[in-house]
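Trainee: Mind having a look at this structure? Questions to follow.
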Amino acid sequence: MCYRDRLGADPVAIDVKNTFVLRPGVSYWHDLGRRLGFHAAINSIVARPKVVVRTPSGETTSRWQADNLT
16 MCYRDRLGAD PVAIDVKNTF VLRPGVSYWH DLGRRLGFHA AINSIVARPK
66 VVVRTPSGET TSRWQADNLT
């Protein structure tokens, strides 16, 4: 007897559609010496994929906000 039969768990399918990703950012370099430098950067990743979740009771479509600040 498998997990699904024991617990009555219905199968679920999740589809994620491709999305465009933007990565705007700012970078700064400063030479401290002949062989030494300093680098600082801040970037923002903007990604909003479309996600479809299918269960036996129906289908739900939503857009996830997968943004990130690095």
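Sequential numbering of the sequence shown, starting at 16, is according to the numbering used here.
For every residue, glycine included, the Cβ atom is placed at its ideal position computed from N, Cα and C.
1) Are there three or more Cβ pairs, one per stretch, closer than 8 Å when the region 61 to 73 is compared with the region 25 to 35?
2) Closest to Leu84 by CA distance: which of Gly73, Ser59, Arg69 is it?
3) Which residue from Asp46, Ile57, Trp79, Ser72 puts its Cα closest to that of Arg38?
4) Helix, strand or coil for Arg69, going by three-state DSSP, please let me know.
5) If you check the beta carbons only, do Arg78 and Ala28 fall under 8 Å apart?
6) Do you know how far the Cα of Ser42 is from the Cα of Gly52?
Mentor: Reading off the structure:
1) The region 61 to 73, when compared against the region 25 to 35, does touch it at the 8 Å Cβ threshold.
2) Residue nearest to Leu84 within the set Gly73, Ser59, Arg69 is Ser59 (criterion: CA-CA distance).
3) Among Asp46, Ile57, Trp79, Ser72, the Cα nearest to that of Arg38 belongs to Ile57.
4) Strand at Arg69.
5) Going by C-beta atoms, Arg78 is not nearer than 8 Å to Ala28.
6) Going by C-alpha positions, Gly52 is about 13 Å away from Ser42.
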